[in-house]
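S.K.: Residue numbers (this note's numbering), protein chains in the order written: chain F, 19 to 167; chain Y, 30 to 325.
We put the CB at the ideal spot given by N, CA and C, even for glycine.
Quick caveat: nothing in here was measured; it's all calculated off a predicted structure.
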Amino acid sequence: MPLRLEIVTGERLVFSDEVDMVIAPGVEGQLGILPKHAPLLTALSIGELRVKKGQEELSFAIGGGFMEVYKDKVIVLADTAERAEEIDIARAEEARRRALESLKERGRLSREEFAQAEARLRKAVTRIKVAQRYRRLQLPKFEEEEENV
Amino acid sequence: METLREIRRHIRSVRNISQITRAMEMVAASKMLRAQQQALASRAYAQKAWEVLTYLAGQPGGLAHPLYEARPVKAIGIILITSDRGLCGPYNHNILRAAVQFMLGYMDRGIGIRLITVGRKGRDFMLRYGHNIVAEFTKVRDRPTIMEIAPIARVAMDEFTSGLVDEVYIAYTRFVSTITQTPTIMKLLPIEKPAPEERLAALYIFEPDPQTVLGEVLPRFTELQVYQAILEAQASEHSARMVAMRNATENAQELINELTIRFNKARQWNITREMMDIAGGAEALRKARGIRAGIA
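1) Is the CB-CB distance between Y:C117 and Y:E279 below 8 Å?
2) Extract the residue ranges of the alpha helix (DSSP H) inside the stretch 167 to 215 of chain Y, only unbroken runs of 4 or more that lie entirely within it.
3) Between the C-alpha atoms of F:E163 and F:R154, what's the straight-line distance to the nearest angstrom?
4) Select from F:G28, F:R22, F:R68, F:V94 the residue whose C-alpha is nearest the C-alpha of Y:P173.
5) What residues from chain Y crowd round F:E104, counting only those whose CB sits closer than 8 Å?
6) Going along the chain, which residues of the stretch 211 to 242 of chain Y sit with their C-beta nearer than 7 Å to a C-beta in chain C?
7) Taking just the CA atoms, how far does Y:A52 sit from Y:Q282?
8) Could you check whether the Cβ of Y:V102 sits closer than 8 Å to any Cβ belonging to chain F?
9) Go through the stretch 125 to 165 of chain Y residue by residue and report every complete run of the alpha helix (DSSP H) that reaches 4 residues or more, in order.
10) Taking only beta carbons into account, state which residues of the stretch 106 to 126 of chain Y come closer than 8 Å to chain F, listed in chain order.
11) Helix, strand or coil for F:A189, going by three-state DSSP, please let me know.
12) Going by beta carbon distance, what residues of the same chain come within less than 6 Å of F:V167, once the five residues before and after it are set aside?
13) Taking the Cβ atom as the reference point for each residue, do Y:V194 and Y:A164 lie within a distance shorter than 8 Å?
14) Once DSSP output is grouped into helix, strand and coil, what is the label at F:S128?
15) Enumerated in chain order, which unbroken segments of the alpha helix (DSSP H) with a length of 4 residues or greater are wholly contained in the stretch 220 to 263 of chain Y?
16) According to the neighbour-count rule (16 or more other Cβ atoms, all chains shown, within 10 Å of its Cβ), is Y:P180 buried or exposed?
17) Is the Cβ of Y:A73 closer than 8 Å to any Cβ of chain F?
18) Keeping to the same chain, check which residues put their C-beta closer than 6 Å to that of Y:V197; ignore five residues upstream and five downstream.
19) Entirely within the stretch 52 to 140 of chain F and at least 4 residues each: give me those alpha helix (DSSP H) ranges in chain order.
20) First and last residue of the alpha helix (DSSP H) that includes Y:V81?
21) Verify the CB distance criterion: does F:T144 have a CB-CB separation below 8 Å to chain Y?
22) Quick one: grab the DSSP three-state call for F:D35.
23) Assuming F:L67 contacts F:A42 under a Cβ cut-off of 8 Å, what Cβ separation, rounded to an integer in Å, is found between them?
24) Near Y:M215, what residues of its chain come up, given a Cβ to Cβ distance below 6 Å and the 5 sequence neighbours on each side ignored?
25) Of all the residues that make up the stretch 160 to 189 of chain Y, which are near chain F by a beta-carbon distance shorter than 7 Å?
26) Should Y:K77 be flagged as near chain F, meaning a C-beta pair shorter than 8 Å?
27) Which one of Y:T111, Y:P95, Y:A258, Y:R143 has the shortest CA to CA distance from Y:L247?
28) Sort Y:I40, Y:L109, Y:A313 by Cα distance to Y:I285 and report the nearest one.
29) Considering only the beta carbon of each residue, do F:D35 and F:K70 sit closer than 8 Å?
30) In this structure, how does DSSP classify F:E29 when only helix, strand and coil are distinguished?
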């Protein structure tokens with residue numbers, strides 16, 4: 019029996035479908051959820067959330083949040099969530115650059131400001147990583163199509 | 030009586046105004062719809078977060094968190110949500126009146142009030158009456174992201190956890206329907222502990238532990254409540270503006286009709302006068318001729 023996955027942010031429902039496996043960035047490390055998993059409630063860190071469905075693999079950049087697993091239903095309450103194909107690499111690079119710049123002035127930042135800048139950097143890096151991996155996965159598929167023509 | 034040209038000019042200016050108000054009405058209608066949809070979309074998250082809180086409340090021993098802490102009330106904070114711009118009918122007036130009434134109840138008992146204003150109208154009003162504003166936010170975009178709203182909630186939580194205020198309320202205009210919007214004042218902090226659901230709580234594995242999960246959920250829950258209040262307020266603002274602008278357009282139409290009648294009357298009167306002039310002139314001419322003929 020497959021898992022029902024829902025990814026929700028405060029702003030919208032990002033994803034809702036039946037899937038075979040979810041690999042999430044838990045605060046204690048990555049964790050994979052398969053059907054019949056015990057009820058679980060965990061905080062998520064900034065990172066990549068991967069979803070397997072048949073041969074397909076989807077990828078999301080998650081900016082922290084929680085995940086609830088209950089009776090083959092997985093609900094991800096994310097602060098931010100973007101599908102790999104939605105990510106604008108140029109904007110993520112820009113965000114990374116800005117975060118790095120503010121980190122350089124660490125002497126003038128309060129501890130909280132420093133933590134915020136660091137979180138922004140981690141989010142940007144995750145988005146870039148997720149987006150790039152997605153592009154790489156897409157590439158072979160594209161070549162196959164050309165061969166068929 | 031005004032001249033024809035004056036009336037014509039008046040009609041033209043009223044018509045121009047009515048075109049603007051009609052355009053504003055349509056813009057407000059579409060913005061209202063989108064704010065409404067956004068508010069609906071964020072409800073799913075809020076509901077889920079609340080469920081998580083109920084599981085956590087069922088933890089053996091119960092969990093404590095600074096945002097749960099109820100204290101004797103010496104000072105309160107209010108997040109007041111108004112609009113930046115006017116031309117939205119009684120929207121700002123209604124929420125300000127409700128807020129002032131609410132504040133008076135506390136001030137009478139000698140309880141201090143610290144305000145966090147969102148929107149220019151509320152800030153200006155409270156400044157004029159010399160109230161204590163600790164933070165102000167203006168130029169909140171239409172359909173903002175949670176990231177943009179988070180600082181507002183952050184200030185409220187800081188005020189609460191640092192003990193500057195013992196309760197925080199949020200005053201906003203709840204969107205009931207296109208024609209009804211109700212000023213609402215809701216308690217934000219301390220967060221009311223939900224009734225525990227013990228059956229579920231025992232089953233869950235918490236990672237890293239229930240206390241940490243709670244510490245993550247509560248601030249986000251507060252942010253979300255502020256976010257939703259702002260979305261509802263925006264939907265209310267736009268629908269208030271839509272109704273106000275529709276009334277303005279209708280009034281303009283009525284005025285144009287009245288002016289058109291007056292214009293036609295004036296025009297008719299002018300024609301009559303000219304005809305009387307001509308008739309009078311002709312009569313005088315005829316008489317003059319008769320007299321001259323008599324003499325000859």
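M.R.: Looking at the coordinates:
1) Taking the first residue of the second sequence as 1, we reach residue 117 of chain Y at position 88. Taking the first residue of the second sequence as 1, we reach residue 279 of chain Y at position 250. The answer is no: Cβ separation not under 8 Å.
2) The qualifying runs are 175 to 190.
3) Taking the first sequence and counting its residues from 1, one reaches residue 163 of chain F at position 145. Taking the first sequence and counting its residues from 1, one reaches residue 154 of chain F at position 136. In this predicted model, F:E163 has a pLDDT of only 48, less than 50, meaning its place in the structure is not dependable; the value taken from the coordinates is given anyway. Each residue's Cα considered, the two are about 15 Å apart.
4) Residue numbering aside, residue 173 of chain Y sits at position 144 when the second sequence is read from its first letter. For Y:P173, the nearest C-alpha among the options comes from F:G28.
5) Taking the first residue of the first sequence as position 1, residue 104 of chain F is located at position 86. Here the premise fails: no neighbours, minimum Cβ distance about 15 Å.
6) The displayed structure is made up of protein chains F and Y, and chain C is not among them.
7) By 1-based counting over the second sequence, the position of residue 282 of chain Y is 253. By 1-based counting over the second sequence, the position of residue 52 of chain Y is 23. In a straight line, the C-alpha of Y:Q282 is about 14 Å away from that of Y:A52.
8) In the second sequence, the residue the question calls residue 102 of chain Y occupies position 73. No, its Cβ sits nowhere closer than 8 Å to a Cβ of chain F.
9) 149 to 157
10) none
11) Only positions 19 to 167 of chain F appear in this structure, which leaves residue 189 of chain F out of reach.
12) Counted from its first residue, the first sequence places residue 167 of chain F at position 149. Low confidence applies here, because F:V167 scores a pLDDT of 44, under 50, leaving its location unreliable; read the following figure in that light. For F:V167, where only same-chain residues beyond five positions count, there are no Cβ hits under 6 Å.
13) Looking up residue 194 of chain Y in the second sequence gives position 165. Looking up residue 164 of chain Y in the second sequence gives position 135. No; because the gap between Cβ atoms is not below 8 Å, this pair is not in contact.
14) Residue numbering aside, residue 128 of chain F sits at position 110 when the first sequence is read from its first letter. Looking at F:S128 - three-state DSSP - the assignment turns out to be coil, as it is neither helix nor strand.
15) 227 to 230
16) Against the second sequence, residue 180 of chain Y aligns to sequence position 151. By the Cβ neighbour-count rule, Y:P180 is exposed, with fewer than 16 other Cβ atoms within 10 Å of its own.
17) Position 44 of the second sequence, counting from 1, holds the residue named residue 73 of chain Y. At a cut-off of 8 Å between beta-carbon atoms, Y:A73 makes contact with chain F.
18) For this step, residue 197 of chain Y is matched to residue 168 along the second sequence. Excluding positions up to five away in sequence, the list reads G106, A185, F189, L217, L218.
19) The stretch 52 to 140 of chain F is shown to contain whole alpha helix (DSSP H) runs of 4 or more residues at 107 to 122, in chain order.
20) As a first step, residue 81 of chain Y must be located in the second sequence, where it is residue number 52. Judged by DSSP secondary structure, Y:V81 falls within the alpha helix (DSSP H) whose first and last residues are 72 to 86.
21) In the first sequence, residue 144 of chain F corresponds to position 126, counting from 1. No, F:T144 does not count as interfacial toward chain Y.
22) Your numbering for residue 35 of chain F matches position 17 in the first sequence. DSSP places F:D35 in strand when its eight states are reduced to three.
23) Here the question's residue 67 of chain F lines up with position 49 in the first sequence. Here the question's residue 42 of chain F lines up with position 24 in the first sequence. With a Cβ gap of about 5 Å, F:L67 and F:A42 count as contacting.
24) By one-based count along the second sequence, residue 215 of chain Y stands at place 186. I199, listed in sequence order.
25) T174, I175
26) Residue mapping note: residue 77 of chain Y aligns to position 48 of the second sequence, counting from 1. So, interface residue.
27) Translated into the one-based positions of the second sequence, residue 247 of chain Y becomes position 218. Taking only the C-alpha atoms, the option nearest Y:L247 is Y:P95.
28) What you label residue 285 of chain Y is simply residue 256 of the second sequence in a count that begins at 1. That would be Y:I40, whose Cα lies nearest to the Cα of Y:I285.
29) Here residue 35 of chain F refers to the residue found at position 17 when the first sequence is read from its first residue. Here residue 70 of chain F refers to the residue found at position 52 when the first sequence is read from its first residue. No; because the gap between Cβ atoms is not below 8 Å, this pair is not in contact.
30) As a working note, residue 29 of chain F is residue 11 in the first sequence. Reduced to three states, the DSSP call for F:E29 is coil.
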